[in-house]
Amino acid sequence: MTSRNSRDRDARSEGGTAQVTRLPTAVLPTQPKGGTTPRASTQARRTPPAGLPGPAQLSPLARRLLADAVRIARWAGELPSVDRRGDLHEADAHAAGLALSLSMPAATEAWDLARLTGLVELRGSGAGPGWRLHAWEHDDEAVLRGWAALFDAWTLLVPVPDRALTSLAGLAVDHAPQLLSFLHLVDDPVPLTELRELLRRGLEEQWHGGVHPALGAPVPHAAWAVSAVRGDSALALTLTPGPAEVAGVLDWMLDGFAAVGALTRRPGDCAELTPLGHWAVRAKLEEICMVAQTAAGHIEQSALELLTACARYSPGPARAEYRAWLAARQTDRAVAELLGVARGEDALLRGLAFEALRVAGHPAEPAVRDCVEEPLLRPYALLWLAEQSDEGVLPSDVLDQDDAAWLWVDTGAAVLEHGDTAMLVRHVQGAADGDPARLFALARRVGHPHAGQVLAAVASAHPDPGVARAARRSAFSVHNGGL
16 MTSRNSRDRD ARSEGGTAQV TRLPTAVLPT QPKGGTTPRA STQARRTPPA GLPGPAQLSP
76 LARRLLADAV RIARWAGELP SVDRRGDLHE ADAHAAGLAL SLSMPAATEA WDLARLTGLV
136 ELRGSGAGPG WRLHAWEHDD EAVLRGWAAL FDAWTLLVPV PDRALTSLAG LAVDHAPQLL
196 SFLHLVDDPV PLTELRELLR RGLEEQWHGG VHPALGAPVP HAAWAVSAVR GDSALALTLT
256 PGPAEVAGVL DWMLDGFAAV GALTRRPGDC AELTPLGHWA VRAKLEEICM VAQTAAGHIE
316 QSALELLTAC ARYSPGPARA EYRAWLAARQ TDRAVAELLG VARGEDALLR GLAFEALRVA
376 GHPAEPAVRD CVEEPLLRPY ALLWLAEQSD EGVLPSDVLD QDDAAWLWVD TGAAVLEHGD
436 TAMLVRHVQG AADGDPARLF ALARRVGHPH AGQVLAAVAS AHPDPGVARA ARRSAFSVHN
496 GGL
């Protein structure tokens, strides 16, 4: 019987280690704000714990965790019908509960686990036993691959507790690998305060990269532009998640890891990986080490090719590529090449070039300072220079109205070319602050070469007729040389 799970087909054909949640190299948190010093153990121990158990010792743990899932899979046999999502019909869930001495919710949960683990497979409108069910009692590797599939699906098992956190939770999932890797490297109960700080820093970096749930535009500096145009320091402060939001999202993540048996809470507000959790993280870290021995991704490419490729990456992986690319070159030549791309026509690549220059750090300062006199690069350069001296800089404290408007139009051009109309509408709504006429007046007067194009696109895309008319008038004024 053929599995529908590509993981299993790959594993059987290659005989390789199970693949699990994407886990880049762990990043240890730096000193949290407020001067709290991390525990000595998290700073000193940077190697994975030795002597982790193998499949023969780990598979019984997975079998115990999934005992009810195995029972319900065997009870179900060939089910002629399930609902469109693959869930049990209410009558079947009730019958399974009676037969297995489970409550209906417990039977439903067991079926979900069986489905996610590959113990049952969907067939047309029904479901039947998966190949893994037949191998469950005698194949330890199959058991661990099944548990790894469940581990990959941890976000499906625990709902986000507050709808207001949904967007932030979506961003936080990208940071699960760092949290898990950190827990693996420490190999001790870790205080939740340290995990919150690690998550907070990651989310803050995403915001600096332009990915904020309220704005929805994966364009570097777009959030900076919105904040600067509004001239509202309070907005700039609220764009980064607060302590309560970070704590809420972290709790959801830890509950998800615990639901799949990868993590356990410890007394004293701490968390620790289980043996299964350590196995999952180590499996992926070993895979990363093998990949690292192959030809590096973009090291040998030009800055243009590097940035074009990284436009498809989330901020974390992109920074890793920038770091490797910069390390392979003399700093002055690398910085000059990045600034050369920034002077091009593509506004998205301009923003990405300055993201790469953030990774280069202080050695790039002389070249970036020279860019302050270039209108095309001035807002980016001013923000970069301010950030080097103060990580808590607010865009509205750095850019005047004209610089802010130029940056808003430039990032709007990037959204227009690489995003969609919904992103463009959010780009307007975030900066307009109830006064779109003021925003459009600023946009048309700064002389940006793409101002007319951006305003015309806003006029076509915005659902509010009044805003669309104002944008159309401003676009017409730009095209006719008016102010």
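Under the numbering used here, think of the first position of the sequence shown as 16, with each following residue one higher.
Even glycine gets a Cβ: it sits at the ideal position worked out from N, Cα and C.
Keep in mind it's a predicted model, so treat the numbers as computed, not measured.
Rounding to the nearest angstrom, what Cα-Cα distance links Ala274 and Asp154 in this structure? Numbered from 1 along the sequence shown, position 259 holds the residue referred to as residue 274. Numbered from 1 along the sequence shown, position 139 holds the residue referred to as residue 154. If I take the Cα positions, the gap works out to 24 Å.
Assigned secondary structure, Ser248 (DSSP; H/G/I helix, E/B strand, else coil): For the purposes of this step, residue 248 is identified with residue 233 of the sequence shown, where counting begins at 1. Any answer about Ser248 is weak, because its pLDDT of 44 lies below 50 and its placement is not dependable; what the coordinates show is given next. Correct three-state label for Ser248: helix.
If you run the structure through DSSP and keep just helix, strand and coil, what is Pro206? The sequence position of residue 206 within the sequence shown is 191, counting from 1. Note: Pro206 maps to strand in three-state DSSP.
Based on DSSP bridge pairs, tell me the residues matched to Arg348. As a working mapping, residue 348 is identified with position 333 in the sequence shown. Bridge partners of Arg348: none, in fact.
Distance between Cys386 and Pro394 (C-alpha atoms, nearest Å): To locate residue 394, count along the sequence shown from 1; it is residue 379. To locate residue 386, count along the sequence shown from 1; it is residue 371. Near 9 Å, if we compare the C-alpha coordinates of Cys386 and Pro394.
Roughly how many angstroms separate the alpha carbons of Leu397 and Leu278, rounded to a whole number? Against the sequence shown, residue 397 aligns to sequence position 382. Against the sequence shown, residue 278 aligns to sequence position 263. Straight-line Cα distance between these residues: approximately 44 Å.
Work out the CA separation of Ala179 and Gly276 for me, nearest whole Å. For this step, residue 276 is matched to residue 261 along the sequence shown. For this step, residue 179 is matched to residue 164 along the sequence shown. Distance between the alpha carbons of Gly276 and Ala179 is about 27 Å.
In chain order, what residues of the same chain lie with their CB nearer than 7 Å to the CB of Ile314, ignoring the 5 residues before and after it? Mapped onto the sequence shown, residue 314 falls at position 299. For Ile314, where only same-chain residues beyond five positions count, the Cβ hits under 7 Å are Ala339, Trp340, Ala343.
What does a CB cutoff of less than 8 Å around Thr323 pick up in its chain, not counting 5 residues either side in sequence? For this step, residue 323 is matched to residue 308 along the sequence shown. Contacts found: Leu364.
With 16 other Cβ atoms within 10 Å as the buried cut-off, status of Asp450: Counting from 1 along the sequence shown, the entry for residue 450 is found at position 435. By the 10 Å Cβ count, Asp450 comes out exposed.
Which of the three DSSP states, helix, strand or coil, is assigned to Asp479? Here residue 479 is taken as the residue at index 464 of the sequence shown, counted from 1. Looking at Asp479 - three-state DSSP - the assignment turns out to be coil, as it is neither helix nor strand.
Could you tell me the alpha carbon to alpha carbon distance between Pro332 and Leu214, rounded to whole angstroms? Within the sequence shown, the letter at position 317 stands for residue 332. Within the sequence shown, the letter at position 199 stands for residue 214. Distance between the alpha carbons of Pro332 and Leu214 is about 16 Å.
Just to confirm, are Pro70 and Glu156 a CB contact at a threshold of 9 Å? For the purposes of this step, residue 70 is taken as the residue at position 55 of the sequence shown. For the purposes of this step, residue 156 is taken as the residue at position 141 of the sequence shown. Yes, the pair counts as a contact, with Cβ atoms nearer than the cut-off.
Would you mind working out which of Ala446, Thr436, Gly445, Leu321 sits nearest Ala471, comparing C-alpha positions? By 1-based counting over the sequence shown, the position of residue 471 is 456. Among Ala446, Thr436, Gly445, Leu321, the Cα nearest to that of Ala471 belongs to Thr436.
What residue range does the beta strand (DSSP E) around Arg138 cover? Mapped onto the sequence shown, residue 138 falls at position 123. Taken as a continuous stretch (DSSP letters only), the beta strand (DSSP E) holding Arg138 covers 135–138.
Give me the DSSP bridge partner(s) of Arg280. Residue mapping note: residue 280 aligns to position 265 of the sequence shown, counting from 1. DSSP, once it has assigned bridges, lists Ala286 as partnering Arg280.
May I have the straight-line CA-CA distance separating Arg54 from Cys285, to the nearest angstrom? Taking the sequence shown and counting its residues from 1, one reaches residue 54 at position 39. Taking the sequence shown and counting its residues from 1, one reaches residue 285 at position 270. Unreliable placement is indicated for Arg54, whose pLDDT of 37 sits below 50; no coordinate value is reported for it.
For a minimum of 3 consecutive residues, which ranges assigned as the beta strand (DSSP E) are wholly contained in the segment 83–139? 135–138
Apply the 10 Å Cβ neighbour rule to Leu367 and answer buried if 16 or more other Cβ atoms are within range, or exposed otherwise. As a working mapping, residue 367 is identified with position 352 in the sequence shown. It counts as buried.
Residues bridged to Ala362 (per DSSP): Against the sequence shown, residue 362 aligns to sequence position 347. Bridge partners of Ala362: none, in fact.
Pull up the distance between the alpha-carbon of His293 and that of Ser196, whole angstroms please. Your numbering for residue 293 matches position 278 in the sequence shown. Your numbering for residue 196 matches position 181 in the sequence shown. So the alpha carbons of these two residues sit roughly 9 Å apart.
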